[in-house]
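Engineer: In the order they appear, the protein sequences are chains A and B. Using the numbering used here, the first residue of the first sequence is number 1, and each one after it goes up by one. Using the numbering used here, the first residue of the second sequence is number 1, and each one after it goes up by one.
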Amino acid sequence: MLVAAIEVTSFAAAPPSDPPLATLARAETAAGQGVASYELYAELDAETHRIRGKGVIRWRNASSVPQRELWLHAYLNAFKDERTRLMRRGEPDGFRGGTSLGHHGSLEVHRLRARELDAELWGGVTYGEEDDETDVRVPLPREVAPGESLTLDVEFTASLPSVMLRTGYAGRFHMVAQWFPKLARLEPDGRWAHFSLDRFSEFYADFGDYDVTIDVPEAFLVGATGAPVGDLSEGGRRRVRFIAPRVHEFAFAAWDGFEEVRQLAGGVELVALFPKGEGEEADLELDVATRALAHFAERYGPYPYRRLTLVRPPREAAEAGGMEYPTLITTGASTRFRAVGLRSIEAITVHELAHQWFYGLLATNEHRYPYLDEGLTSYAELEVMERFWPGNSGFDGFGFRVSEEAAYRIAAADAEGRGRVDRASSEFADGHAYGGLVYARMATTLRTLARVYGEERMQRALGVYARVHRFSHPRPMDLVAAVKAEVGEAAAVALTAAVEGGSVDVRLDGWESHPDAGGGFVGTVSLRREGAVVLPVEVDVRSARGSVTRLRWDGVGEQGILPWRGDAPMASVLVDPDDRILLDARLEGRASGGPKTTPRVWALAACLAQLGASIVWP
Amino acid sequence: MVVGLAVVYRALASGLLASIPAVAVSRVLGGHPLGDAVLWEPGGVWLLEVVRRAPSHAPYGAYPLAAAVFVSLFAASLPLALIVASYGSDAPSTWTRACQVALGVAPRFTLLAALVITAQTLSFAFTTALVGFASRPFVSVSDERWPFVVGAALGLGFAFGIGILGDLVRASVVWRNEGVWASLVWAQRQARQGYRALFVAAAGRALLGAFGLTVCAKLVLALLPERPVAAAFVSVGCGSIPVALRSSWFGAVARELGAKAVVASLDCEQPD
Ligand SMILES: [Zn+2]
Chain A
1 MLVAAIEVTS FAAAPPSDPP LATLARAETA AGQGVASYEL YAELDAETHR IRGKGVIRWR
61 NASSVPQREL WLHAYLNAFK DERTRLMRRG EPDGFRGGTS LGHHGSLEVH RLRARELDAE
121 LWGGVTYGEE DDETDVRVPL PREVAPGESL TLDVEFTASL PSVMLRTGYA GRFHMVAQWF
181 PKLARLEPDG RWAHFSLDRF SEFYADFGDY DVTIDVPEAF LVGATGAPVG DLSEGGRRRV
241 RFIAPRVHEF AFAAWDGFEE VRQLAGGVEL VALFPKGEGE EADLELDVAT RALAHFAERY
301 GPYPYRRLTL VRPPREAAEA GGMEYPTLIT TGASTRFRAV GLRSIEAITV HELAHQWFYG
361 LLATNEHRYP YLDEGLTSYA ELEVMERFWP GNSGFDGFGF RVSEEAAYRI AAADAEGRGR
421 VDRASSEFAD GHAYGGLVYA RMATTLRTLA RVYGEERMQR ALGVYARVHR FSHPRPMDLV
481 AAVKAEVGEA AAVALTAAVE GGSVDVRLDG WESHPDAGGG FVGTVSLRRE GAVVLPVEVD
541 VRSARGSVTR LRWDGVGEQG ILPWRGDAPM ASVLVDPDDR ILLDARLEGR ASGGPKTTPR
601 VWALAACLAQ LGASIVWP
Chain B
1 MVVGLAVVYR ALASGLLASI PAVAVSRVLG GHPLGDAVLW EPGGVWLLEV VRRAPSHAPY
61 GAYPLAAAVF VSLFAASLPL ALIVASYGSD APSTWTRACQ VALGVAPRFT LLAALVITAQ
121 TLSFAFTTAL VGFASRPFVS VSDERWPFVV GAALGLGFAF GIGILGDLVR ASVVWRNEGV
181 WASLVWAQRQ ARQGYRALFV AAAGRALLGA FGLTVCAKLV LALLPERPVA AAFVSVGCGS
241 IPVALRSSWF GAVARELGAK AVVASLDCEQ PD
């Protein structure tokens, strides 16, 4: 379905000197809650892959402490040479950023003038770390008091690298992210949360209003954060003005190879930009996004913006795929995976969409607490995937059905013992540890709590957390508090233990039964639990007559001895029969008394061997 | 008789091979009350756990396994050699003689089997990768499956050709009692002269075999969840299809080359 809903309103054709923000932005940011707002004009040279930018940054000291400095992030400088913090880390193992850098990138600031201070500030800058110009300290000539605002006139040139990590160009495709000098976030206590860009680090910033005019060659289509309020073609160039109220980042994609499809989803306009010939994938993404948007709105509060843009980068720029920005996500994965029963396209779309809440609206410090956005997003992804494709959300083929949850469990199990989940992104040794702990282990922890303590209570906890802290910057203690309030003290303690690197291993220690005086049978099941994460455990005991009794142990302590009474001798025992404790990395030793042989496995293996024999043997 | 022997060998060897995953899987499952049915449950928590943990529970180590593969190649060459020998112009008349012939060529057959499989794998992988790489500038992501399909089809074609050549070499080893290299020279000359008839004979049987095995696979998959033992028996029974077709293929080779071989040798004797 195509919906043409662009209203062409007053258009700033020239670089904005001080244009009024569109009424939309004003209305949606009543009470001027924005702390860091940007009005920028960006002119893309598609041949040199440079962006000439100029505009105004408005910043308010929202902390309680007077400030003698600003911290700015110039993340494109991470691609400046081989000595930057990012490039020093080398090629990562098991995470994005595997391509080598063909062309360097940089962010050069020509002007940074504070109107209120009547001072040019860029001359005095220093950097947070040697050989790395991504983290910039800007000294101020005088203190800026709490509540006081600064208006900064800025001019800069952004040179895009060949696409790497999440930003850059490939041919004429441009994914333009981290492209302007951006204020770090000033915490309420007056400390700047600033950091050099690290291999596994994402971002952190204050909310504000963005008004960005993007100037590209006329044939280019542009997808950006926010919604367009004006679109003018003139003299071979095209200028599109985007307004994005109450967001904390602005990215855009521009390419003359894009095709576009739009669709309305519950009052939100979905726009899919995709390479020619990939309409099938784009349709799938739009369909999944439409359904997931409704789900997330119900769970975590409504999507508060009027547009969501889905950018599907071309294959040469796959590195730019699978990334989230406010109101803009990039997707990916090939149809090749669909042929073998994997739902990668769906999972990536759902994951990036979930980030609109756990990153977009709940703007956590992604550098210091990467598990707060990636872990919760992965949890939300699992929830939706399982709801849409119960029991086979990850894979469905050859008679086997695998949920994404089970796949995440494996990654979480492999990451056990690799240390704390709760640590800064710069402290992960490699991509496997980062992905395994931050995504898989955190999501599996939350799924375990939901399965053990009840899906509804967990939904309530995260629903409250997401609603209470929307448009703010929650911390781990806010999440723990929500879990404590809605799920309970024990769940909150288990969550804390798990993010501190704790594990859980429950297994069967022994079982016995004997006739009692009354003609029935009595016995005991003895369980063992190891690891710092304490969780209640269920046990199913099957008697020789086939009746099943469910026993429960609170999991406190290392050993639990559970009494049992039945109509016949115990025949078999199964610990955690509903696989609630997904965080347990070892399922061995959980069962006893069942059939010793595995006829189907023998048969399947023999059949496969026969098939193989047709190739290898006569 | 010889075909029956080959089928029995396959059944025994595949059973032995099957024991490796079966033992490993049952060790991970422990005594799960549902047995291996838990592997087919939606969600696949135990299935993935078994995939993850089974390798560390394999009943044999890597070296014994490699040795077993080698031994199976050697052992498999015996019935194959018997099949080939039975179509020769002086086919062994007694079992003792037949076994002598089979044992005599078994080392060369083992070497050949390893060479043929390696060459087939390499050519398949190389062709698939090459086509995929060469097509990159011309196709978009959504068309990626086509380069793969085309590459795989080409690769299969090459592997098929290598298989035919390998069998001609085997025929030469048994019928002419020559070494592998001399047989290869002979085989490629035969293949060039009679490629059309040989290809038709091989492709027809390959198609027939693929059809038969597909039907078998469907039958086996349908039987597997409820009647695993029956499925195993059916699969062993189905093993007779490729063996019988392979046997009849060597018959066709013998018929085709019986005449050609003479012509070829005459050609060689006439200087030009
Ligand atoms: Zn993510």
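Glycine residues also receive a C-beta, built at the ideal position from the N, C-alpha and C atoms. From a predicted model like this one, the values you see are computed outputs, not experimental measurements.
#1: Could you have a look at residue 2 of chain B and say whether DSSP puts it in helix, strand or coil?
#2: Within 9 Å of any Cβ in chain A, is that where the Cβ of residue 26 of chain B sits?
#3: How about residue 32 of chain B: is its Cβ closer than 8 Å to a heavy atom in ligand 1?
#4: Who does residue 112 of chain A pair with in a DSSP beta bridge?
#5: Can you find a CB in chain B that lies within less than 9 Å of the CB of residue 390 of chain A?
#6: Cβ of residue 585 of chain A within 9 Å of Cβ of residue 503 of chain A?
#7: Thinking just about the alpha-carbon of each residue, which of A:163, A:462, A:513, A:155 is nearest to the one in residue 317 of chain A?
#8: Roughly how many angstroms separate the alpha carbons of residue 606 of chain A and residue 83 of chain A, rounded to a whole number?
#9: Strictly below 7 Å CB to CB, what residues from chain A border residue 220 of chain B?
#10: So the candidates are B:9, B:32, B:15; which of them puts its Cα closest to the Cα of residue 594 of chain A?
#11: Based on Cα-Cα distance, which residue from B:35, B:126, B:84 lies nearest to residue 597 of chain A?
#12: At 9 Å on the CB atoms, spell out the chain A contacts of residue 40 of chain B, in chain order.
#13: Just the Cα atoms here: how many angstroms apart are residue 83 of chain B and residue 250 of chain B?
#14: For the beta strand (DSSP E) that contains residue 252 of chain A, what are its first and last residues?
#15: Assuming residue 343 of chain A and residue 389 of chain A make a contact with CB atoms under 8 Å, what is their CB distance in whole Å?
#16: Going by beta-carbon coordinates alone, are residue 459 of chain A and residue 239 of chain B separated by less than 9 Å?
#17: If we cut at 9 Å on Cβ distances, does residue 610 of chain A have a partner in chain B?
#18: Could you check whether the Cβ of residue 181 of chain B sits closer than 9 Å to any Cβ belonging to chain A?
#19: Rounded to whole angstroms, how far is the Cβ of residue 399 of chain A from the Cβ of residue 40 of chain B, which I believe are closer than 8 Å?
#20: With a CB to CB cut of under 6 Å and the five nearest residues on each side skipped, what residues in its chain are close to residue 120 of chain B?
#21: Relative to chain B, which residues along the stretch 538-561 of chain A have a C-beta separation below 8 Å, given in chain order?
#22: Do the stretch 425-437 of chain A and the stretch 362-377 of chain A touch if we need at least three Cβ pairs shorter than 8 Å?
#23: Mind checking whether the beta-carbon of residue 456 of chain A lies closer than 8 Å to any heavy atom of ligand 1?
#24: Sort A:160, A:499, A:488, A:466 by Cα distance to residue 445 of chain A and report the nearest one.
#25: Cβ of residue 367 of chain A within 8 Å of any heavy atom in ligand 1?
#26: Would you say the beta carbon of residue 355 of chain A comes nearer than 8 Å to a heavy atom of ligand 1?
#27: Would the stretch 516-524 of chain A and the stretch 477-485 of chain A be scored as touching if the rule is three or more Cβ pairs under 8 Å?
#28: Could you tell me the alpha carbon to alpha carbon distance between residue 230 of chain A and residue 308 of chain A, rounded to whole angstroms?
#29: Below 8 Å, is the gap between the Cβ of residue 201 of chain A and the nearest heavy atom of ligand 1?
#30: Residue 627 of chain A by DSSP, collapsed to three states: which one?
#31: Kindly say whether residue 19 of chain B, judged by its beta-carbon, lies nearer than 9 Å to any beta-carbon of chain A.
#32: Less than 8 Å between the CB of residue 198 of chain A and some heavy atom of ligand 1, yes or no?
#33: At what residues does the alpha helix (DSSP H) containing residue 348 of chain A begin and finish?
#34: Going along chain B in order, which residues have a C-beta closer than 9 Å to the C-beta of residue 409 of chain A?
#35: Counting only the same chain and skipping the five closest in sequence on each side, list residues whose C-beta sits under 6 Å from that of residue 275 of chain A.
#36: Are residue 275 of chain B and residue 79 of chain B closer than 9 Å when you measure CB to CB?
Structural biologist: Quick look at the numbers:
#1: In the second sequence, residue 2 of chain B corresponds to position 2, counting from 1. The DSSP-derived three-state label of residue 2 of chain B is helix.
#2: Residue 26 of chain B sits at position 26 when you count from the first residue of the second sequence. Residue 26 of chain B counts as touching chain A.
#3: Along the second sequence, read from residue 1 onward, the residue named residue 32 of chain B stands at position 32. Relative to ligand 1, residue 32 of chain B has its C-beta separated by 8 Å or more from all heavy atoms.
#4: Stepping through the first sequence from its first residue, residue 112 of chain A is reached at position 112. According to DSSP, which records beta bridges pairwise, residue 112 of chain A is partnered with A:154.
#5: Taking the first sequence and counting its residues from 1, one reaches residue 390 of chain A at position 390. Yes, residue 390 of chain A lies at the interface with chain B (some Cβ there is under 9 Å from its Cβ).
#6: Translated into positions along the first sequence, residue 585 of chain A becomes position 585. Translated into positions along the first sequence, residue 503 of chain A becomes position 503. Against a cut-off of 9 Å, the Cβ pair of residue 503 of chain A and residue 585 of chain A comes out as a contact.
#7: Start at 1 with the first residue of the first sequence, and residue 317 of chain A comes out as number 317. Residue A:163 is the option with its Cα nearest to residue 317 of chain A.
#8: Translated into positions along the first sequence, residue 606 of chain A becomes position 606. Translated into positions along the first sequence, residue 83 of chain A becomes position 83. Taking the straight line joining both Cα atoms gives about 56 Å.
#9: Translated into positions along the second sequence, residue 220 of chain B becomes position 220. Around residue 220 of chain B, the beta-carbon contacts reaching into chain A at under 7 Å are 607.
#10: As a first step, residue 594 of chain A is located in the first sequence; it is residue number 594 there, counting from the start. Answer by Cα proximity: B:32.
#11: The count along the first sequence starts at 1 and reaches residue 597 of chain A at position 597. Among B:35, B:126, B:84, the Cα nearest to that of residue 597 of chain A belongs to B:35.
#12: Locating residue 40 of chain B in the second sequence gives position 40, where the first residue counts as 1. What residue 40 of chain B touches in chain A: 399, 400, 401, 600.
#13: Position 83 of the second sequence, counting from 1, holds the residue named residue 83 of chain B. Position 250 of the second sequence, counting from 1, holds the residue named residue 250 of chain B. Each residue's Cα considered, the two are about 8 Å apart.
#14: Working through the first sequence from its first residue, we reach residue 252 of chain A at position 252. Judged by DSSP secondary structure, residue 252 of chain A falls within the beta strand (DSSP E) whose first and last residues are 252-255.
#15: As a first step, residue 343 of chain A is located in the first sequence; it is residue number 343 there, counting from the start. As a first step, residue 389 of chain A is located in the first sequence; it is residue number 389 there, counting from the start. Indeed, because the Cβ distance is near 7 Å, the residues count as touching under 8 Å.
#16: In the first sequence, residue 459 of chain A corresponds to position 459, counting from 1. In the second sequence, residue 239 of chain B corresponds to position 239, counting from 1. Cβ atoms of residue 459 of chain A and residue 239 of chain B: not closer than 9 Å.
#17: For the purposes of this step, residue 610 of chain A is taken as residue 610 along the first sequence, with counting starting at 1. Contact of residue 610 of chain A with chain B is assigned, a C-beta pair being separated by under 9 Å.
#18: On the second sequence, residue 181 of chain B is found 181 positions in, with the first residue counted as 1. The beta carbon of residue 181 of chain B does not come within 9 Å of any beta carbon belonging to chain A, so the residue lies off that interface.
#19: As a first step, residue 399 of chain A is located in the first sequence; it is residue number 399 there, counting from the start. As a first step, residue 40 of chain B is located in the second sequence; it is residue number 40 there, counting from the start. With 8 Å as the limit, residue 399 of chain A and residue 40 of chain B qualify as a contact, their Cβ atoms being about 7 Å apart.
#20: For the purposes of this step, residue 120 of chain B is taken as residue 120 along the second sequence, with counting starting at 1. Counting only Cβ-Cβ distances below 6 Å, and skipping sequence neighbours, we find 159, 162.
#21: Close to chain B, meaning a Cβ-Cβ distance shorter than 8 Å, are the following residues of the stretch 538-561 of chain A: 540, 542.
#22: In short, these stretches touch, since the Cβ pair count reaches three.
#23: Along the first sequence, read from residue 1 onward, the residue named residue 456 of chain A stands at position 456. No, the beta carbon of residue 456 of chain A sits no closer than 8 Å to any heavy atom of ligand 1.
#24: Translated into the one-based positions of the first sequence, residue 445 of chain A becomes position 445. Ranked by how close their Cα comes to the Cα of residue 445 of chain A, the residues A:160, A:499, A:488, A:466 have A:499 in first place.
#25: As a working note, residue 367 of chain A is residue 367 in the first sequence. Flag unset: Cβ of residue 367 of chain A not near ligand 1.
#26: Here residue 355 of chain A refers to the residue found at position 355 of the first sequence. Because some heavy atom of ligand 1 lies under 8 Å away, the Cβ of residue 355 of chain A counts as near it: yes.
#27: Not touching, per the Cβ criterion.
#28: For the purposes of this step, residue 230 of chain A is taken as residue 230 along the first sequence, with counting starting at 1. For the purposes of this step, residue 308 of chain A is taken as residue 308 along the first sequence, with counting starting at 1. Residue 230 of chain A and residue 308 of chain A: Cα-Cα distance of roughly 17 Å.
#29: Here residue 201 of chain A refers to the residue found at position 201 when the first sequence is read from its first residue. Distance from the C-beta of residue 201 of chain A to the nearest heavy atom of ligand 1 is not below 8 Å.
#30: Limits of chain A in this structure are 1 at one end and 618 at the other, which puts residue 627 of chain A out of reach.
#31: One-based indexing of the second sequence puts residue 19 of chain B at position 19. At least one chain A Cβ lies under 9 Å of residue 19 of chain B.
#32: As a position in the first sequence, residue 198 of chain A is number 198, starting the count at 1. Taking non-hydrogen atoms of ligand 1 into account, the C-beta of residue 198 of chain A is found less than 8 Å away from none of them.
#33: For this step, residue 348 of chain A is matched to residue 348 along the first sequence. 344-354 is the span of the alpha helix (DSSP H), which, as asked, contains residue 348 of chain A.
#34: Residue numbering aside, residue 409 of chain A sits at position 409 when the first sequence is read from its first letter. Within 9 Å Cβ-Cβ: 45, 48, 49.
#35: Numbered from its first residue, the first sequence carries residue 275 of chain A at position 275. Only 257, 314 meet the Cβ criterion.
#36: With chain B covering only 1 through 272, there is no way to say anything about residue 275 of chain B.
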